[in-house]
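Participant: Read top to bottom, the protein sequences are chains V and R. According to our numbering, numbering within the first sequence proceeds without interruption in unit steps and concludes at 385. According to our numbering, numbering within the second sequence proceeds without interruption in unit steps and concludes at 770. C-beta atoms are modelled at their ideal positions from N, C-alpha and C, and glycine is treated no differently. The structure presented is a predicted model; accordingly, all values stated were derived computationally and were not measured.
Protein chains: 2
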Amino acid sequence: MKEYEEVPEGFKFYGTHVGIKKRKKDFGLIIADKVCHAAAVFTKNAFCGECIPIGKEHIKNNELQAIVVTSGIANVATGKTGRENEYKILKKISNKLKIEKENILPSSTGLIGPQLPIEIIEGFFENHPLELEVNYENFAHAILTTDQRIKVRSLKIGDVKILGIVKGSGMIEPNMATMLAYILTDAKISKQAIYPMLKIAVDQSFNTMSIDSDTSTSDTVALLASGHHEFKQEELQESLNQICKELALDVIKDAEGATKTMFVTVKNAESQEQAKRAGKSIINSPLVKTALFGHDPNWGRIAMALGKTEGLIFNQNKVDIYYGEYLIFSKNREEKQNSSKIAMYIEKNEDIYITVDLHQGLESFQVIGCDLSYEYVKINSDYST
Amino acid sequence: MKEYEEVPEGFKFYGTHVGIKKRKKDFGLIIADKVCHAAAVFTKNAFCGECIPIGKEHIKNNELQAIVVTSGIANVATGKTGRENEYKILKKISNKLKIEKENILPSSTGLIGPQLPIEIIEGFFENHPLELEVNYENFAHAILTTDQRIKVRSLKIGDVKILGIVKGSGMIEPNMATMLAYILTDAKISKQAIYPMLKIAVDQSFNTMSIDSDTSTSDTVALLASGHHEFKQEELQESLNQICKELALDVIKDAEGATKTMFVTVKNAESQEQAKRAGKSIINSPLVKTALFGHDPNWGRIAMALGKTEGLIFNQNKVDIYYGEYLIFSKNREEKQNSSKIAMYIEKNEDIYITVDLHQGLESFQVIGCDLSYEYVKINSDYST
Chain V
1 MKEYEEVPEG
11 FKFYGTHVGI
21 KKRKKDFGLI
31 IADKVCHAAA
41 VFTKNAFCGE
51 CIPIGKEHIK
61 NNELQAIVVT
71 SGIANVATGK
81 TGRENEYKIL
91 KKISNKLKIE
101 KENILPSSTG
111 LIGPQLPIEI
121 IEGFFENHPL
131 ELEVNYENFA
141 HAILTTDQRI
151 KVRSLKIGDV
161 KILGIVKGSG
171 MIEPNMATML
181 AYILTDAKIS
191 KQAIYPMLKI
201 AVDQSFNTMS
211 IDSDTSTSDT
221 VALLASGHHE
231 FKQEELQESL
241 NQICKELALD
251 VIKDAEGATK
261 TMFVTVKNAE
271 SQEQAKRAGK
281 SIINSPLVKT
291 ALFGHDPNWG
301 RIAMALGKTE
311 GLIFNQNKVD
321 IYYGEYLIFS
331 KNREEKQNSS
341 KIAMYIEKNE
351 DIYITVDLHQ
361 GLESFQVIGC
371 DLSYEYVKIN
381 SDYST
Chain R
386 MKEYEEVPEG
396 FKFYGTHVGI
406 KKRKKDFGLI
416 IADKVCHAAA
426 VFTKNAFCGE
436 CIPIGKEHIK
446 NNELQAIVVT
456 SGIANVATGK
466 TGRENEYKIL
476 KKISNKLKIE
486 KENILPSSTG
496 LIGPQLPIEI
506 IEGFFENHPL
516 ELEVNYENFA
526 HAILTTDQRI
536 KVRSLKIGDV
546 KILGIVKGSG
556 MIEPNMATML
566 AYILTDAKIS
576 KQAIYPMLKI
586 AVDQSFNTMS
596 IDSDTSTSDT
606 VALLASGHHE
616 FKQEELQESL
626 NQICKELALD
636 VIKDAEGATK
646 TMFVTVKNAE
656 SQEQAKRAGK
666 SIINSPLVKT
676 ALFGHDPNWG
686 RIAMALGKTE
696 GLIFNQNKVD
706 IYYGEYLIFS
716 KNREEKQNSS
726 KIAMYIEKNE
736 DIYITVDLHQ
746 GLESFQVIGC
756 DLSYEYVKIN
766 SDYST
C-alpha cells in the first residue's frame, strides 16, 4: 500500500458511496486514534444547516475524535427531521467506531431543502464494514460537490506534520452553499491555545476571500491536533497560517467560471478593519469583476468601489491606485501613460495584483477575489430541478 | 409648435451637442423663469464627481433657478482642474442667461477620469444663441449616456403639474456611473418643507432599488418648485412619491442586460431598516439574480441571502417564502407541491414578486431589483478604451 508521508500521526480516513448522490462518493470520515484537542469556526449565516448547531455544541469542550461528512444534500432548512437524521448518523458511527458521539463533528453539503435518505445511510452501515485508511484520497473525494478537483495541502516542520483538506468554491452547483476545511496535525496544542490559533489563521486566509459575496449556510473550518509532538507555538502558528492561505487560494483557483484571481491590497488605511472592508468592496463589485474578465484596466470602477465603502476614511487627493507595479491614479488624476502597459499586464497574467494606497494611516490588508464571467452566470443560472 | 401640456408652469429646456460626445447631444439645461424653492439629494459615494460638492453648496439656501448637465464625461477624479472647469461652465451659463451662478445646480455624467473639453464648451456658447423650449425632449436626450431611451413621467393634480426626467440604469457603459433625476413642479412648496418632501419620496423609490449593488459617483435627484399654485402638501407628497416610484421603475426596466424585474417584500420584520436590509441582501445576491435569469425557483438562495443579512432578527422556523402567491418554504421545510407552479410563474412573467414573511415584528419593506444575465457581463466586460 502506498505510503502517505504527509499524513500526521494518529489519523485515519474513510470515503465511500452510501447512496445520497447517484454514483459519486458521498460519505467521508476522519478518525483520530484518540481524543484530540480541537477547535472549529462556523458560518455566520443565520439560516444555517442542521450540522452547525450540533458542531458548535460538540466543540465546546475543545475535544474531537472524528469528523463525519455527508455530501449531495446540505441538510439545510430541513427542520426537526433534519436534526434527528444528523443525530441518527452520529449514533451509527459512534457505535461502529466506539467513539463518543459528542466527540464527532458533523458536516453536510449539497442541495438546500431535501431531507437526507436516512434509511439508506443507516442500511449501508448495517451491511458494510468501516475500513479505515491512511490514504486521505477517498475522503477528499467523498466531501466534494461539483468541485473540479480535490484540494489538499500538507506541510512538515521538524517532526510535526500538518495536513489540510478543503472542499468548495463559492456556490459551485445551483443550490449548493458550502466550504468545508479540515486541518489535522500531530503537534501538541493546549485546549486554551487551539481556538485562538485557528481563528488567527482563518482570519488571514479564508476570511480574506470572496468569490461572489454570498455567505454559505454550512461553512466549517476545523483543526484537530493529535498531540504526538511538542512544538513551538509561534512556528506552528506560522505553518498553520500558511496551510490555510494555500487552501483558501486553492478554493479561489477552483472558483466557478473564474478566469483570473485578483489580489487587492489596501495600504495605509486608518485601521485593518477599514482596509479589509475597502478591499472587500472592490473584489465584490460586479463592475470591477466584469472589467477584469474583459481585461479592461478600468480603475474608475476601483475608485467607485473604494468610495462606496461604508465608514472608510480617506482623502481622494492622496489616493494612489496601482495595477501590478503600474500607477494608474494619483494626485486625483489619471496616469494615462501607463494604460497600455496595464492592459498588457492584465492580458498576460492570471494573478492580478491591485494596490490602493490611501496614505491615510498605517494599516494594510490584502483580500483575494476573482472575475465574473459568462461561465459564472451559466453555472448558476442552470436549472436546479 | 407642439404643446407640452405636462410641463409645469415656469420651466424651459435646452439640449444640444457641444462636442463632448462625438455626435449625440451632450449638453442640457433646465431654466425656471424665476428662482425656485428647491432641494436635492446626492450620491453617498465618497469618491464623488466635481459637481457634487458644488451642488451641495448651491442648494444650501434651498434656492435654484437652473440645472446644467454635461454628458459623456463624468468629471470624476479630475481634481482641481475638474472643479475649475465646472465653475467656468456655470459662469458662461450665468452670464448668458442672467442667472446667479449660485442658483445653478451642475451635473456631469460619463467616463471617470478624463477632463471636460472646456475650450470647446466655452467656444460653443460664444458662437451659439441659447434657444430655450417648452419641449423637454432635447434636454432628456442630452443627459443620456447609453440609456436605451429617454425616461420621462408626468402627473397632474388639479392645477398642479409634476414632471420628472431621469437618466441612467446602474452602470450602463463601462466606466459610467450615474443616475440623474430632475423633478419639476409649479406647486408652491416652502423652503422648510421641500427637502423633507423630496427625501421621503426618494427613500420610497430610488433608494429601494439596486441593479448591481454598485453606488454611482455622481447620483443626483433634484426637485424644483416654481410656486405658481398653492396646494395641499399631503396630496403633493403622494404625487411626488408616485412620480419618483415610476421614474425608479423606468430605470430598473432599462437596467443593463436585465430580462426580469424582481419585487422583493420582506414582511413583519422588527424594523423597516431590517426589512430593507434583508430585501437588499436578496436582490443583490449574485446567486439569487442568476437563478432568476435561469428561471430557477431556487428559494434556497433566498434563504441564504436572508441568513447573511447583518443584524437581521428572525426565527428560521417562522419564515415563509413566496413566489407570487405560491408558498415554497414554511415551518422550516420546502412546500414541494408548489415547485412546478412557481417554475411556470417565473417562466411566464417579467415582473417577479417574492415575499419573505419573517413573522417576527410589524414592519415591512419592498425593494426592487433585476436578474443577472450574460448580457450584463458582456456590456460590462467590453473594453472601455
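Please report whether the beta-carbon of I73 (chain V) lies at a distance below 8 Å from any beta-carbon of chain R.
Facilitator: To locate residue 73 (chain V), count along the first sequence from 1; it is residue 73. No - not a single Cβ of chain R is within 8 Å of the one on I73 (chain V).
Participant: Okay, do the stretch 359-376 of chain V and the stretch 469-476 of chain R touch, 3+ Cβ pairs below 8 Å being the bar?
Facilitator: Result no; under three Cβ-Cβ pairs closer than 8 Å.
Participant: If you measure beta-carbon to beta-carbon, which residues of the stretch 699-712 of chain R are closer than 9 Å to chain V?
Facilitator: Hits within the stretch, in order: F699, Q701, N702, V704.
Participant: Can you list, in chain order, the residues of the stretch 355-381 of chain V whose Cβ is nearer than 7 Å to any Cβ on chain R?
Facilitator: Residues L372, S373, Y374, V377, N380, S381.
Participant: Let's see if you can read the secondary structure: which residues bound the beta strand (DSSP E) around Y136 (chain V)?
Facilitator: Here residue 136 (chain V) corresponds to residue number 136 of the first sequence, with the count starting at 1. Careful: Y136 (chain V) lies outside any beta strand (DSSP E) and carries neither H nor E.
Participant: Determine whether the beta carbon atoms of A39 (chain V) and L223 (chain V) lie at a separation below 8 Å.
Facilitator: Locating residue 39 (chain V) in the first sequence gives position 39, counting from the first residue. Locating residue 223 (chain V) in the first sequence gives position 223, counting from the first residue. In this structure, L223 (chain V) lies closer than 8 Å to A39 (chain V) by Cβ.
Participant: Hey, A586 (chain R) and T401 (chain R) are a contact pair by Cβ (cut 8 Å); roughly how many whole angstroms apart?
Facilitator: Mapped onto the second sequence, residue 586 (chain R) falls at position 201. Mapped onto the second sequence, residue 401 (chain R) falls at position 16. A586 (chain R) to T401 (chain R), Cβ: 30 Å. No contact.
Participant: Determine, using beta-carbon pairs with one atom in the stretch 51-59 of chain V and one in the stretch 223-234 of chain V, whether at least three such pairs fall under 8 Å.
Facilitator: At 8 Å Cβ cutoff, the stretches do not touch.
Participant: So, for S539 (chain R): in the same chain, excluding its five sequence neighbours on each side, which residues have a beta-carbon less than 6 Å away from its beta-carbon?
Facilitator: Sequence index remark: in the second sequence, residue 539 (chain R) carries index 154 (1-based). Cβ within range, chain order: E391, L548.
Participant: Sorted by chain position, which residues of the same chain lie with C-beta nearer than 6 Å to F231 (chain V)'s C-beta, five sequence neighbours on each side aside?
Facilitator: Counted from its first residue, the first sequence places residue 231 (chain V) at position 231. Only V160, A187 meet the Cβ criterion.
Participant: Touching or not, the stretch 445-454 of chain R and the stretch 632-642 of chain R, by the rule of three or more beta carbon pairs under 8 Å?
Facilitator: At 8 Å Cβ cutoff, the stretches do not touch.
Participant: If you pair each beta-carbon of the stretch 110-120 of chain V with each one of the stretch 730-745 of chain R, do three or more pairs fall below 8 Å?
Facilitator: Because the criterion of three Cβ pairs below 8 Å is not met, the stretch 110-120 of chain V and the stretch 730-745 of chain R do not touch.
Participant: Hey, is A791 (chain R)'s beta-carbon within less than 8 Å of any beta-carbon in chain V?
Facilitator: In the structure displayed, chain R extends from 386 to 770; residue 791 (chain R) sits before or after that span and is not available.
Participant: Whole angstroms are fine: how far does the CA of T70 (chain V) sit from the CA of Y284 (chain V)?
Facilitator: As a position in the first sequence, residue 284 (chain V) is number 284, starting the count at 1. As a position in the first sequence, residue 70 (chain V) is number 70, starting the count at 1. Sequence check: residue 284 (chain V) is Asn here, not Tyr. Between N284 (chain V) and T70 (chain V), the C-alpha separation is close to 30 Å.
Participant: Could you please tell me which residues of the stretch 81-115 of chain V, in chain order, have their CB closer than 9 Å to any CB of chain B?
Facilitator: As a matter of chain content, chain B is missing from the structure shown, whose protein chains are V and R.
Participant: Among the residues of its own chain, which have a CB less than 7 Å from the CB of F510 (chain R), if the five just before and after it don't count?
Facilitator: Residue mapping note: residue 510 (chain R) aligns to position 125 of the second sequence, counting from 1. Around F510 (chain R): K477, K481.
Participant: CA-CA distance, M564 (chain R) and S492 (chain R)?
Facilitator: Along the second sequence, one-based indexing puts residue 564 (chain R) at 179. Along the second sequence, one-based indexing puts residue 492 (chain R) at 107. Near 10 Å, if we compare the C-alpha coordinates of S492 (chain R) and M564 (chain R).
Participant: Could you confirm whether any beta carbon from chain V is found closer than 8 Å to the beta carbon of G692 (chain R)?
Facilitator: Stepping through the second sequence from its first residue, residue 692 (chain R) is reached at position 307. It does; some Cβ of chain V falls within 8 Å.
Participant: Quick one: complete alpha helix (DSSP H) runs, 4+ long, within the stretch 41-97 of chain V?
Facilitator: Within the stretch 41-97 of chain V, the complete alpha helix (DSSP H) runs of at least 4 residues are 51-59, 79-97.
Participant: Residues of chain R with CB closer than 9 Å to the CB of R277 (chain V), please, in chain order.
Facilitator: On the first sequence, position 277 is the one that residue 277 (chain V) refers to. Going along chain R, no residue has its Cβ under 9 Å from R277 (chain V), so there is no contact; the nearest lies around 12 Å.
Participant: Go through its chain and collect everything with a Cβ distance to G413 (chain R)'s Cβ below 7 Å, but skip five positions before and after it.
Facilitator: Here the question's residue 413 (chain R) lines up with position 28 in the second sequence. Correct list, in chain order: Y399, G400, V454, F524, A527, I528.
Participant: Can you tell me whether V367 (chain V) is helix, strand or coil according to DSSP?
Facilitator: Position 367 of the first sequence, counted from the start, is the residue given in the question as residue 367 (chain V). Strand at V367 (chain V).
Participant: Going along chain V in order, which residues have a C-beta closer than 8 Å to the C-beta of L697 (chain R)?
Facilitator: On the second sequence, position 312 is the one that residue 697 (chain R) refers to. Residues of chain V passing the Cβ test: A46.
Participant: Between the alpha carbons of V537 (chain R) and I550 (chain R), how many angstroms are there, rounded?
Facilitator: The residue you call residue 537 (chain R) lines up with position 152 of the second sequence. The residue you call residue 550 (chain R) lines up with position 165 of the second sequence. So the alpha carbons of these two residues sit roughly 5 Å apart.
Participant: Judging by CA-CA distance, which residue of R:C436, R:M647, R:S758, R:P682 is the nearest neighbour of I489 (chain R)?
Facilitator: By one-based count along the second sequence, residue 489 (chain R) stands at place 104. Nearest option by C-alpha distance: R:C436.
Participant: Counting contacts by CB-CB distance shorter than 8 Å, is F398 (chain R) in contact with chain V?
Facilitator: Sequence index remark: in the second sequence, residue 398 (chain R) carries index 13 (1-based). It does not: the Cβ of F398 (chain R) has no partner Cβ on chain V nearer than 8 Å.
Participant: By Cβ distance, which residues of its chain are closer than 6 Å to E386 (chain V), with the 5 residues on each side in sequence left out?
Facilitator: As displayed, chain V neither begins before 1 nor continues past 385, which places residue 386 (chain V) out of reach and without an answer.
Participant: Does the separation of the CB atoms of A74 (chain V) and L697 (chain R) fall below 8 Å?
Facilitator: Residue numbering aside, residue 74 (chain V) sits at position 74 when the first sequence is read from its first letter. Residue numbering aside, residue 697 (chain R) sits at position 312 when the second sequence is read from its first letter. Not closer than 8 Å, so no.
Participant: Going by beta-carbon coordinates alone, are D357 (chain V) and N298 (chain V) separated by less than 8 Å?
Facilitator: Counted from its first residue, the first sequence places residue 357 (chain V) at position 357. Counted from its first residue, the first sequence places residue 298 (chain V) at position 298. Not in contact: D357 (chain V) and N298 (chain V) (Cβ atoms no closer than 8 Å).
Participant: Between the C-alpha atoms of L292 (chain V) and N85 (chain V), what's the straight-line distance to the nearest angstrom?
Facilitator: Sequence index remark: in the first sequence, residue 292 (chain V) carries index 292 (1-based). Sequence index remark: in the first sequence, residue 85 (chain V) carries index 85 (1-based). Roughly 44 Å separates the two Cα atoms.
Participant: At a CB-CB cut-off below 7 Å, which residues of chain V make contact with T675 (chain R)?
Facilitator: The residue given as residue 675 (chain R) occupies position 290 in the second sequence. Those within 7 Å of T675 (chain R) in chain V are V377, N380, S381.
Participant: Would you mind listing the alpha helix (DSSP H) stretches within the stretch 624-665 of chain R that are 4+ residues and don't spill past its ends, in chain order?
Facilitator: Counting only runs of 4 or more, we get nothing.
Participant: Under 8 Å between C-beta atoms, does L672 (chain R) make it to chain V?
Facilitator: Sequence index remark: in the second sequence, residue 672 (chain R) carries index 287 (1-based). It does; some Cβ of chain V falls within 8 Å.
Participant: Express the C-alpha separation of A643 (chain R) and Q237 (chain V) in angstroms, rounding to a whole number.
Facilitator: As a first step, residue 237 (chain V) is located in the first sequence; it is residue number 237 there, counting from the start. As a first step, residue 643 (chain R) is located in the second sequence; it is residue number 258 there, counting from the start. The straight-line gap from Cα to Cα measures roughly 47 Å.
Participant: Just to make sure I have the definition right: I need the residues of chain R whose C-beta is within less than 8 Å of the C-beta of K331 (chain V). Which are they?
Facilitator: In the first sequence, counting from the first residue as 1, residue 331 (chain V) sits at position 331. Residues of chain R passing the Cβ test: G464.
Participant: Which first and last residues belong to the beta strand (DSSP E) in which V160 (chain V) is found?
Facilitator: The residue given as residue 160 (chain V) occupies position 160 in the first sequence. Taken as a continuous stretch (DSSP letters only), the beta strand (DSSP E) holding V160 (chain V) covers 160-167.
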